[in-house]
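Peer 1:
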Amino acid sequence: MQHVQTRSTTSALVLTAVLIALATLFTMYTKIPVPGIRGYFNVGDVVIMTSALLLGRKYGAYIGAIGPALADLFLGYAVFVPITFVVKGIEGYLVGTVYNNKTTTSALVATIVGGIIIVVGYFIAEYFVFDPGVAIASIVTNTIQAVMSVIISMILYAILRKRLG
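Going by the UniProt record's numbering, the letters in the sequence shown line up with residues 1 to 165, in that order.
(1) Would I32 and V134 qualify as a contact pair, given that the criterion is a beta-carbon distance under 9 Å?
(2) Indicate the three-state DSSP secondary structure (helix, strand or coil) for Y40 in the structure shown.
(3) Run the CB neighbour count on N100, radius 10 Å, all protein chains shown included, and call it buried at 16 or more, exposed below.
(4) Identify whether P33 lies in helix, strand or coil by the three-state DSSP scheme.
(5) Can you check which of these residues, I112, I139 and L156, is closest to G39 by C-alpha distance?
(6) Quick one: using the 10 Å Cβ neighbour count with 16 as the cut-off for buried, is Y59 buried or exposed?
(7) Under the three-state reduction of DSSP, which class applies to D72: helix, strand or coil?
(8) Would T111 and V95 qualify as a contact pair, given that the criterion is a beta-carbon distance under 9 Å?
(9) Quick one: using the 10 Å Cβ neighbour count with 16 as the cut-off for buried, is F26 buried or exposed?
(10) Using CA atoms only, rank isn't needed, just tell me which of T104, V43 and I20 is closest to V147.
(11) Taking its Cβ as the centre, do 16 or more other Cβ atoms sit within 10 Å of I72, making it buried, or is it exposed?
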């Protein structure tokens, strides 16, 4: 019995590590710098949202916190690392928490909540770390990023849910 649990735990750990790496890569390689907000647009949230829907809040939080924070660090946006760690970790946790009845409607609501966390979380952080002007200017970019991530995540969710059963 313990061997099965160990294999399951090992598999979960490996899958989480792979998805953290994927979130890092999606964030880094879809990076579009946005002048005036000191940040960048990306679709790394797709990995966070889809992972949280398929694996739950715990893994969604790990993947959300670690993957994009590593991308910020590797890309030279060190000031954003703690912000991203917290905001994207909360995003993954809440998407996995809100998604509770395994329906498409529940998945859509959960990813929309995740999108709201992106916009509100970065607004609050940028308001205090930078200034209100930067925070306000980032609302548009973060909203576009959130909407794109919700749409792409829902498409991936539909495909993967059918394939994974």
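For every residue, glycine included, the Cβ atom is placed at its ideal position computed from N, Cα and C.
Peer 2: Judging by the given coordinates:
(1) Remark: C-beta atoms of I32 and V134 do not approach each other more closely than 9 Å.
(2) In this structure, Y40 counts as strand in the three-state DSSP scheme.
(3) Burial call: exposed.
(4) Annotated three-state conformation of P33 is strand, per DSSP.
(5) The shortest C-alpha separation from G39 is found at I139.
(6) Burial call: buried.
(7) The three-state reading of DSSP puts D72 in helix, counting H, G and I together.
(8) Result yes, Cβ atoms of T111 and V95 sit closer than 9 Å.
(9) That one is buried.
(10) Looking at the Cα atoms, V43 is the closest of the given residues.
(11) It is Asp, not Ile, that sits at residue 72 in the sequence shown. D72 should be labelled buried.
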